[in-house]
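Protein chains in written order, with our numbering: chain Z, 13 to 482; chain H, 2 to 76.
To start, the structure under review is shown below, and the notes come after it.
Pasting the structure below:
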C-alpha cells in the first residue's frame with residue numbers, strides 16, 4: 013500500500029495547501045482536490061507527487077529513505093548545555109506597567125547574586141563541555157551589577173567561541189558599563205516601543221528619562237553601528253502606535269529588524285494588562301498591516317531590508333529546516349537541556365517565562381539550583397509534553413513540521429497543558445502566522461517576493477516560492 | 002454557519018472565544034469540529050468542510066506509516 017504523508021489546509025478559491033511530514037508543500041487546485049477525494053489521481057499527478065516526496069509507493073526504498081531523512085531534518089537536535097540566561101540582579105531602575113519579571117526597586121537588598129551564587133555560576137561555566145557558548149544577561153537591569161557581568165565574561169576566556177548579550181534598558185551607561193559594551197563579543201538587546209512619546213508612556217514615565225535612553229541608544233549606534241544592538245518593541249494591542257511612526261523610530265537608528273510583540277501575559281502584565289492573555293483579530297490585523305508596510309518600504313527603497321523578526325524565523329522554519337533554533341518554534345523543545353535560566357538567587361528555571369511565572373506566584377516551575385543541579389523529576393515531568401508529533405490536533409495540522417510546542421506558555425495562560433491545541437493562544441497565534449506566511453509565499457506580487465528573498469537571505473528573487481498542482 | 006456541534010468541555014474558554022470571533026474570521030478547522038463565523042459565505046464554508054474531511058481521511062490512512070517512521074526516528 014502507498015504512503016501519502018500529506019496534510020491539508022484550506023486556502024482561498026477552493027484550493028488547499030498540502031504539506032508533507034517532511035515540510036515540503038504545494039497548493040492543490042480545486043480540480044486536484046476533487047481527483048484526490050475521488051481516488052482518481054492522474055499519471056501526471058502521481059509523477060508530481062512522487063517527485064516531491066508526497067507519495068511513496070510500496071517498495072520505493074529510495075523514496076521512503078528520502079522521506080525519513082526529510083522528517084529527521086525537521087526534528088530538532090538538542091545538544092549539550094551551551095546557552096545560559098543569567099539574572100545577576102532582579103533590581104531595576106524602571107517600573108514598566110507590563111514588566112514581565114516582577115522586578116524589584118533599585119534600592120532593595122537581597123535580590124542580587126550572593127558571593128556563593130556567583131561562585132556556583134562560575135563553577136557551572138567551568139564544567140561546561142561545549143566549545144561554543146552564548147550567555148544572555150537578563151534582569152532586573154543587569155547593568156546595575158557590572159562587576160558580576162565582568163566576572164562571568166572573564167571566566168569564559170577558554171571557549172572557542174563565546175557571545176554575550178546584555179539585555180538592558182540603557183538608562184545609565186557609564187564608563188564601566190561602556191567598557192563592557194565595547195568588547196567585540198558583547199551585544200546589546202534593548203526595548204524600543206516607538207517614538208519618544210510612546211516609549212515614555214509605556215516605560216519611562218518622563219521625557220527626561222526617555223531622553224536619556226534615546227541619547228544612550230544613539231551614542232551606542234554611533235559608536236558601534238547598528239549590528240551591535242538589537243531592539244524590540246512591546247505593543248499594547250489596545251492602543252498600538254502608528255505603523256510608520258514605529259518603523260521610523262527603528263529606521264532612524266539604523267535598526268532594520270523589528271520583533272513585533274504584543275504585551276506578554278507575564279509578571280505585572282497579568283494584572284495591569286489582563287486582556288493580553290489572548291490576542292484577537294485586532295492584533296492579527298495590525299501585524300499583517302505592519303508586515304505589508306515593511307514590504308512596501310523594502311520595495312520602494314531596495315537598498316535597505318526591513319524585517320519583522322518572528323516572520324523571518326517562521327519562513328526559515330518553512331524553507332530551511334535545521335537552521336533555526338528559536339525555542340518557541342523548535343520541535344521537540346526539551347527543557348533544561350541545552351539552555352537554562354539562573355535566577356538572582358541561584359534557582360534554575362527551564363525558560364525565562366517559567367521564571368516569571370514563579371515570580372508572579374502562579375506556579376513554581378523551578379527545576380533545580382545552580383548549586384545542586386537540575387537533572388531531576390521536575391525537569392523530567394515538564395519534558396513529557398514537549399513535542400507536537402503525537403498531539404491529536406497537531407497530527408492533523410499541515411503546519412506541524414514547522415511549528416513547535418511551549419508548555420510553559422500554556423501554563424502561563426491556562427494553568428494547564430492539556431487543552432485541545434486549537435483552543436490555545438499558542439496554536440491560534442501560529443496558525444495565523446503560518447497562514448499569513450503562505451499567503452505571502454503564494455503571492456504574485458513582485459514586491460512581496462523581493463522581501464521574502466531578502467528575509468530568507470537568499471541571492472536574487474525566485475519567480476515563485478511555492479509549487480502549484482492544477 | 003455551524004456544520005458540527007462543538008464539544009466544549011471548557012465552557013468559559015469556549016464562550017470567550019465565540020465572543021472574540023469577528024465578521025472577517027476565517028473558518029477555524031480543528032481536530033474534532035469546524036467553527037465557521039456567521040459572515041462566511043456558504044461556498045467557502047463547504048470548501049473548508051470538504052478539505053477538513055479529506056484531511057481526516059489522509060491522516061487516518063497515513064497513520065500507521067507515519068507512526069512507523071516516527072518510531073524509527075525517535076528510537
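Note that CB positions come from ideal geometry on N, CA and C, so glycine has one too.
Fair warning: this is a prediction, and the values are worked out from it, not measured in the lab.
Helix, strand or coil for residue i, going by three-state DSSP, please let me know.
i	result
residue 443 of chain Z	helix
residue 106 of chain Z	coil
residue 417 of chain Z	coil
residue 45 of chain Z	helix
residue 122 of chain Z	coil
residue 199 of chain Z	strand
residue 217 of chain Z	coil
residue 64 of chain H	helix
residue 141 of chain Z	coil
residue 116 of chain Z	strand
residue 480 of chain Z	strand
residue 27 of chain H	The predicted model places residue 27 of chain H with a pLDDT of 43, which falls under 50 and marks its position as unreliable, so this point remains unresolved.
residue 20 of chain H	For residue 20 of chain H, the pLDDT reaches just 46, beneath the cut-off of 50, and the residue's location in the model is therefore unreliable, although a value from the coordinates is still provided. Note: residue 20 of chain H maps to helix in three-state DSSP.
residue 11 of chain Z	Outside the modelled stretch of chain Z, which goes from 13 to 482, sits residue 11 of chain Z, for which no answer is possible.
residue 463 of chain Z	helix
residue 302 of chain Z	helix
residue 347 of chain Z	coil
residue 448 of chain Z	helix
residue 154 of chain Z	helix
residue 233 of chain Z	helix
residue 166 of chain Z	helix
residue 88 of chain Z	coil
residue 181 of chain Z	coil
Using a Cβ cut-off of 8 Å, pull out every chain Z residue sitting near residue i, in sequence order please.
i	result
residue 62 of chain H	16
So residue i contacts chain H; which residues on that side make the cut at Cβ distance below 8 Å?
i	result
residue 158 of chain Z	The premise fails here: residue 158 of chain Z is roughly 45 Å from chain H at the closest Cβ pair, so nothing lies under 8 Å.
residue 80 of chain Z	70, 73, 74
Per DSSP, which one or two residues make a beta bridge with residue i?
i	result
residue 72 of chain Z	Answer by DSSP bridge pairing: none, since residue 72 of chain Z is not bridged.
residue 28 of chain Z	Z/22, Z/40
residue 247 of chain Z	Z/274
residue 353 of chain Z	Z/97, Z/361
residue 320 of chain Z	Z/270
residue 240 of chain Z	BP columns for residue 240 of chain Z are empty, so no partner.
residue 176 of chain Z	Z/147, Z/198
residue 35 of chain Z	Answer is none; residue 35 of chain Z lacks a bridge partner.
residue 15 of chain Z	Z/68
residue 381 of chain Z	Z/359, Z/385
Determine whether the Cβ of residue i lies closer than 9 Å to any Cβ atom of chain H.
i	result
residue 87 of chain Z	yes
residue 472 of chain Z	no
residue 449 of chain Z	no
residue 424 of chain Z	no
residue 45 of chain Z	yes
residue 124 of chain Z	no
residue 33 of chain Z	yes
residue 22 of chain Z	yes
residue 48 of chain Z	yes
residue 250 of chain Z	no
residue 42 of chain Z	yes
residue 26 of chain Z	yes
residue 83 of chain Z	yes
residue 410 of chain Z	yes
residue 429 of chain Z	no
residue 68 of chain Z	yes
Between residue i and chain Z, is the shortest Cβ-Cβ distance under 9 Å, so that the two count as touching?
i	result
residue 57 of chain H	yes
residue 43 of chain H	no
residue 66 of chain H	yes
Is the closest heavy atom of the ligand MG to the C-beta of residue i under 8 Å?
i	result
residue 60 of chain Z	Of ligands this structure carries none, so the ligand MG is not represented either.
So which residues on chain H does residue i lean against when the C-beta distance must stay under 9 Å?
i	result
residue 407 of chain Z	32, 60, 64, 67
residue 73 of chain Z	Per Cβ cutoff of 9 Å: no residues; residue 73 of chain Z is ~13 Å from chain H at best.
At 7 Å on the CB atoms, spell out the chain H contacts of residue i, in chain order.
i	result
residue 19 of chain Z	56, 59, 60
residue 347 of chain Z	The contacting residues do not exist; residue 347 of chain Z stays about 18 Å from chain H at best.
residue 401 of chain Z	71
Report the CB separation of residue i from residue j in whole angstroms; it is logged as a contact under 8 Å.
i	j	result
residue 273 of chain Z	residue 233 of chain Z	In fact, because the Cβ distance is near 21 Å, the residues do not count as touching under 8 Å.
residue 145 of chain Z	residue 331 of chain Z	About 28 Å separates the two Cβ atoms, so there is no contact after all.
residue 222 of chain Z	residue 211 of chain Z	6 Å
residue 16 of chain Z	residue 62 of chain H	7 Å
residue 192 of chain Z	residue 364 of chain Z	Going by Cβ atoms, the distance from residue 192 of chain Z to residue 364 of chain Z rounds to 21 Å, so no, they are not a contact pair.
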